[in-house]
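In my numbering, the protein residues as written are 3 to 72.
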């Protein structure tokens, strides 16, 4: 698999788009939302927060811990 910056940016964008769509339709299914434009905005914000949180957790998990990690 390629590690080029453009490939990783493409994967990043695709994951964000899919996460936004999943959140949008999940919230729309469970709640009777009349204004879908506001729901779309909220979905984008939630997807951004979730994506950044997951990346932060993965980066924190990758960092070596322990006395000889310097």
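C-beta atoms are modelled at their ideal positions from N, C-alpha and C, and glycine is treated no differently.
>> Going by C-alpha to C-alpha distance, which of 11, 10 and 44 sits closest to residue 24?
In response: The shortest C-alpha separation from residue 24 is found at 44.
> Straight-line CA distance for residue 59 to residue 40?
Replying inline: For residue 59 and residue 40, the distance between alpha carbons rounds to 29 Å.
> If residue 47 and residue 21 are in contact, beta carbons under 8 Å, what's the gap, nearest whole angstrom?
Replying inline: Contact between residue 47 and residue 21 fails: their C-beta atoms lie close to 12 Å from each other, not under 8 Å.
> Pick from 16, 55, 42 and 61: whose alpha carbon is nearest that of residue 26?
Replying inline: Across the set 16, 55, 42 and 61, the C-alpha of 42 shows the shortest separation from the C-alpha of residue 26.
> Roughly how many whole angstroms lie between the Cα atoms of residue 29 and residue 35?
Replying inline: Distance between the alpha carbons of residue 29 and residue 35: 8 Å.
> Can you list, in chain order, the residues of its chain whose CB lies under 8 Å from that of residue 10, leaving out five sequence neighbours each side?
Replying inline: No residues qualify anywhere along the chain.
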